[in-house]
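J.: Protein chains in written order, with my numbering: chain A, 23 to 435; chain B, 4 to 156; chain C, 834 to 976.
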Amino acid sequence: MNDDAVVKVALVSCGSEYAGVHGELESVAGSVNARLVYPEIDVSILDTIGKEFGIEAASPDLRLMMARAKAVVEGITDVDGVFITSCFRCAEAAIVRNEIRRYIHKYSDIPVISYSFTERTTAATLMTRMEALTTIARRRHLLAREHQSGLTAGIDSGSTTTKAVIMKDDRILGSGWVPTIKVIESATEAFELALKEAGVDREDIQALGTTGYGRFLVGEHFKAQLIQEEITVNSKGAVYLADKQKGSATVIDIGGMDNKAISVEDGIPGMFTMGGICAGASGRFLDMTAKRLGVDITELGSLAVKGMQEKVEMNSYCIVFGIQSLVNSLAKGSTPEDVAAAACHSVVEQIFEQQLQEVDVKEPLILVGGSSLIEGVPKALSELLKIKVLVPPNSHLIGAVGSALLASGYVEE
Amino acid sequence: MVKVIIYPTNSLILSDLVERFGHTPLAMMEKIKEKISTVGVDSPPLNITPEEPKMGLKYAAVEVPAGVRGRMAIVGPMIDEAEAGIIVNESPMAFGCMGCARTNELTKFLIRDRDIPVLEVDYPEDEDEAREFVYKIAEFLGSLSKDEKEGQE
Amino acid sequence: MPQNDDDIITKLVVISSDSVLPIDAAMKVYESETSIVIKETCFGTMVTGPREAVNRVVEELVDLDRNHIFVKERGFPPGDERRCRASRGGGPRPGFHYLREEVRTLPMIGRALDDYDKKVPLKEVAHKKKLDVKKLAEIIESA
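Shown next, in the form of structure tokens:
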């Protein structure tokens, strides 16, 4: 499939037409040159699909979802991706949505996203997800790349920090890492830092890739060859840095504002979720904790690994009330070590409860993003999931490295 | 002529029977028509916008899913307007407007909760049941006309 | 856009008759009215036009076989892009499946209407109840 082809996305949904979000779904699909299709089904299957699939859902539209998922898996409807969506807060739909997601993932290699909407869901919220879905369909050849070649650069313009790297033949020559203040200025600064460390000029760069919130702006400014959302870039970057490009892997990226949990197969994302509802599950929570403890964010991790989270009572994940709990604990005599550990545990536990339910966690579990450098975070995640958590070298540069890697696909031989 | 809310709200049979026996069916189809022919609103396919789930707050609290509240924004006013109701239970798989079991529970509750004559029948599975189904509905609709006449006297 | 746009309606006529065919119905409509459009769709005959004309024509149609022709108003005009399966990429609109179920029941409803007209007395229909737990216990014990 070439870059201009229309990507067919099967819409497997319940409630979207009545929640006022259907137009948003159509609009986001259109903006990434995708078309929503409704899998054709044999109507008689609706009588039996509940038992056949295994969930006798009371809501007929949920049965319709199961029948449509079956049509996709059996190839009756030929699609490039599947968007599974239902109302937020509907327990019945959540059960069906999750099982359909697993079912499609198990019986096909069609990429799937799953999302629960409210009437406030807009096309902008869905943009990154839909972009990733179409990229996986459209640019499989690009995602198959396992080595970085030539002299390339990657810029990850994140919501909190901007990262840049210069790479040559699988080696990182230089990197820059600055807080995001103004998108272009911060990107320029990070890029210059990386170029300086690498000892190369901007003109020598053969290809540039951008990702993150500011990817379009930065990409346009620097005339990037590749402008790509962070789901495909980060999953590619994670398996590359961790040297786990073949087989299954799970990538968790705890960012400054939102998190991604991605099931990866041979370096290509299959299922993913993005959470951005609560700041308590983001790097920001850890940042606030560090400030409260009067330590630098880089010191929080080493404190946390020495502490015991069980000793601190936290009654909320919230960035306001949770932090208040931590402060109260300090006042009652808890040690900074225990408080740091509790903060790491709180962030990880919320990610576990709200996001990891949406992907199947398969080893190796690769943790990336700035928060992965806070040692307490991988430790807490490992304790919670009872599996080893892999933090690859340069995990905080994940988006920039992934971009530089994928951009090398544009280097002319 | 009495306005009769039917459940399932998109039923061909019920809509037909109500009209056949001289009353006005309050059915989903007409409401959908109003929605989709609203000039200047472009929210395909039903022209339900994020405003509907908010209007639905009159019938269901904010923790109720948006899809339920969006449907209630349409069904709720129909129930408010009704002077009588017919509920068919154990109906075969219904979809679309009737595709959400939670909405359907709430719809039935709100119909029963109104102080209006309500007939409840089961969906027929054989000839005998079909006869019982039709007779009951016909008698019920007939009694509405009588009530109306008595009311006018 | 014409002012009386609101008065354009679509009615769906489903014929479940041994004596009237959809084509007869179509001919009937064309004989009597010029202001309306009819369309055979995958789920019945749709009659679209000004409300009064549609009602008049539908009334005439139903009179062809009163108890075996069923009518309901429809929200979308025939072939509406937002609903027609030809333009919405595959599967039929959701309401279609329910309509299919109802159409299967129409012959029984039609015969019941005939009986009602003829005042055929209602047979007592025995409704199955769940087995009493005590009965079940007895069966288990006797097995």
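All residues carry an ideal CB built from backbone N, CA and C; glycine is no exception.
List, in chain order, every chain A residue whose beta-carbon is nearer than 7 Å to that of glycine 88 (chain B).
T.: Correct list: empty, because the minimum Cβ distance to chain A is about 21 Å.
J.: Please name the residues in the segment 111–132 of chain A whose beta-carbon is closer than 8 Å to at least one beta-carbon of chain B, in chain order.
T.: Of all residues in the segment 111–132 of chain A, Arg111, Cys112, Glu114, Ala115 have a Cβ within less than 8 Å of some Cβ in chain B.
J.: Would the beta-carbon of glutamate 893 (chain C) fall within 8 Å of that of serine 852 (chain C)?
T.: No, the Cβ-Cβ distance between glutamate 893 (chain C) and serine 852 (chain C) is not below 8 Å.
J.: How would you label lysine 963 (chain C), buried or exposed, when you count the other beta carbons within 10 angstroms and need 16 or more for buried?
T.: Exposed, because fewer than 16 other Cβ atoms sit within 10 Å of the Cβ of lysine 963 (chain C).
J.: Starting from the Cα of aspartate 948 (chain C), find the closest Cα among C:Met879, C:His901, C:Arg889, C:Asp840 and give me that residue.
T.: The shortest Cα separation from aspartate 948 (chain C) among C:Met879, C:His901, C:Arg889, C:Asp840 belongs to C:His901.
J.: State the beta-bridge partners of lysine 872 (chain C) as determined by DSSP.
T.: Its beta-bridge partners are C:Met879.
J.: Does DSSP put proline 133 (chain A) in a helix, a strand or coil?
T.: It is coil, neither helix nor strand.
J.: Does the segment 355–365 of chain A come close enough to the segment 317–337 of chain A to have 3 or more Cβ pairs within less than 8 Å?
T.: Short answer: they touch.
J.: CA-CA distance, arginine 306 (chain A) and valine 94 (chain A)?
T.: C-alpha separation (whole angstroms): 40 Å.
J.: Starting from proline 494 (chain A), follow the beta strand (DSSP E) in both directions and report where the run begins and ends.
T.: Residue 494 (chain A) lies beyond the range of chain A shown here (23 to 435); nothing can be said about it.
J.: If you run the structure through DSSP and keep just helix, strand and coil, what is leucine 352 (chain A)?
T.: Correct three-state label for leucine 352 (chain A): helix.
J.: Below 8 Å on the Cβ atoms is my guess for lysine 967 (chain C) versus aspartate 19 (chain B); work out the distance and round it to an integer in Å.
T.: At roughly 44 Å, the Cβ-Cβ gap does not stay under 8 Å, so lysine 967 (chain C) and aspartate 19 (chain B) are not in contact.
J.: Secondary structure at methionine 81 (chain B), three-state DSSP: helix, strand or coil?
T.: Methionine 81 (chain B): helix per DSSP, three-state reduction.
J.: State yes or no: is the beta carbon of glutamine 836 (chain C) nearer than 8 Å to at least one beta carbon in chain B?
T.: Because the pLDDT at glutamine 836 (chain C) is just 42, under 50, the model does not fix this residue reliably, and the point stays unresolved.
J.: Taking CB distances under 8 Å as the criterion, tell me whether glutamate 39 (chain A) reaches chain B.
T.: With 8 Å as the cut-off, glutamate 39 (chain A) counts as an interface residue toward chain B.
J.: Which runs of the beta strand (DSSP E), 3 residues or longer, sit entirely within the segment 67–97 of chain A?
T.: Taking only runs of at least 3 residues, no beta strand (DSSP E) segment lies wholly in the segment 67–97 of chain A.
J.: Would a C-beta distance cut-off of 8 Å place serine 368 (chain A) and glycine 278 (chain A) closer than the cut-off?
T.: It is not a contact, given that the beta carbons lie outside the stated cut-off.
J.: If you count every other CB in all the chains shown that lies within 10 Å of the CB of serine 138 (chain A), and 16 or more means buried, which is it?
T.: Serine 138 (chain A) is buried by the Cβ-count criterion.
J.: Jot down the residue ranges of each uninterrupted alpha helix (DSSP H) in the segment 99–132 of chain B, minimum 4 residues, whole runs only, in chain order.
T.: With a minimum length of 4 residues, the continuous alpha helix (DSSP H) runs that stay inside the segment 99–132 of chain B are 104–116.
J.: Report the CB separation of glycine 198 (chain A) from leucine 173 (chain A) in whole angstroms; it is logged as a contact under 8 Å.
T.: That belief does not hold up - the Cβ atoms of glycine 198 (chain A) and leucine 173 (chain A) are roughly 16 Å apart, past 8 Å.
J.: Using a Cβ cut-off of 8 Å (strictly closer), state whether leucine 897 (chain C) contacts chain B.
T.: No - not a single Cβ of chain B is within 8 Å of the one on leucine 897 (chain C).
J.: Report the rounded CA-to-CA distance for glycine 940 (chain C) versus alanine 886 (chain C), giving the unit in angstroms.
T.: Before going further, note that residue 940 (chain C) is proline rather than glycine in the sequence given. C-alpha separation (whole angstroms): 28 Å.
J.: Give me the residue from A:Gly391, A:Ile122, A:Lys354 with the minimum Cα distance to alanine 79 (chain A).
T.: Of the candidates A:Gly391, A:Ile122, A:Lys354, the one whose C-alpha sits nearest the C-alpha of alanine 79 (chain A) is A:Ile122.
J.: Using the Cα positions of cysteine 112 (chain A) and alanine 32 (chain A), report the straight-line distance between them to the nearest angstrom.
T.: Their Cα atoms are separated by approximately 21 Å.
J.: Do glycine 421 (chain A) and aspartate 192 (chain A) have their C-beta atoms within less than 8 Å of each other?
T.: Not closer than 8 Å, so no.
J.: Using a Cβ cut-off of 9 Å, which residues of the segment 66–90 of chain A contact any Cβ in chain B, in chain order?
T.: So the close ones are Leu68, Asp69, Ala79, Ala80, Ser81, Pro82, Asp83, Leu84, Arg85, Leu86.
J.: Say whether chain A places a C-beta atom closer than 8 Å to the C-beta of isoleucine 114 (chain B).
T.: No, isoleucine 114 (chain B) does not count as interfacial toward chain A.
J.: Quick one: what's got a C-beta closer than 7 Å to phenylalanine 24 (chain B)'s C-beta in the same chain, skipping five residues either side?
T.: So the qualifying residues of the chain are Ala141, Leu144, Gly145.
J.: Starting from tyrosine 138 (chain B), follow its DSSP beta bridges and name the residues at the other end.
T.: For tyrosine 138 (chain B), which the question treats as bridged, DSSP gives no partner whatsoever.
J.: Using DSSP with H/G/I as helix, E/B as strand and the rest coil, what is asparagine 281 (chain A)?
T.: If DSSP states are grouped into helix, strand and coil, asparagine 281 (chain A) belongs with the strands.
J.: Proline 201 (chain A) lies in the beta strand (DSSP E); which residues open and close that run?
T.: Looking at the DSSP string, the run of the beta strand (DSSP E) that includes proline 201 (chain A) is 193–201.
J.: Check the Cβ-Cβ distances between isoleucine 140 (chain B) and every residue of chain A, and say whether any is below 8 Å.
T.: Judged by the 8 Å Cβ criterion, isoleucine 140 (chain B) is not in contact with chain A.
J.: Which bits of chain C does aspartate 162 (chain B) rub up against, with CB to CB less than 8 Å?
T.: This structure gives no information on residue 162 (chain B), because the portion of chain B shown stretches from 4 to 156.
J.: Isoleucine 942 (chain C) touches chain B at which residues, Cβ-Cβ below 9 Å?
T.: Within 9 Å Cβ-Cβ: Ile16, Asp19, Leu20, Pro127, Ala133, Phe136, Val137.
J.: For methionine 81 (chain B), would you say it is in contact with chain C, using Cβ-to-Cβ distances shorter than 8 Å as the test?
T.: Chain C, which has no Cβ nearer than 8 Å to the Cβ of methionine 81 (chain B), makes this no.
J.: Considering only residues of the same chain and omitting the five flanking positions on each side of threonine 150 (chain A), which have a CB-CB separation below 6 Å?
T.: Answer for threonine 150 (chain A): Glu251, listed in chain order.
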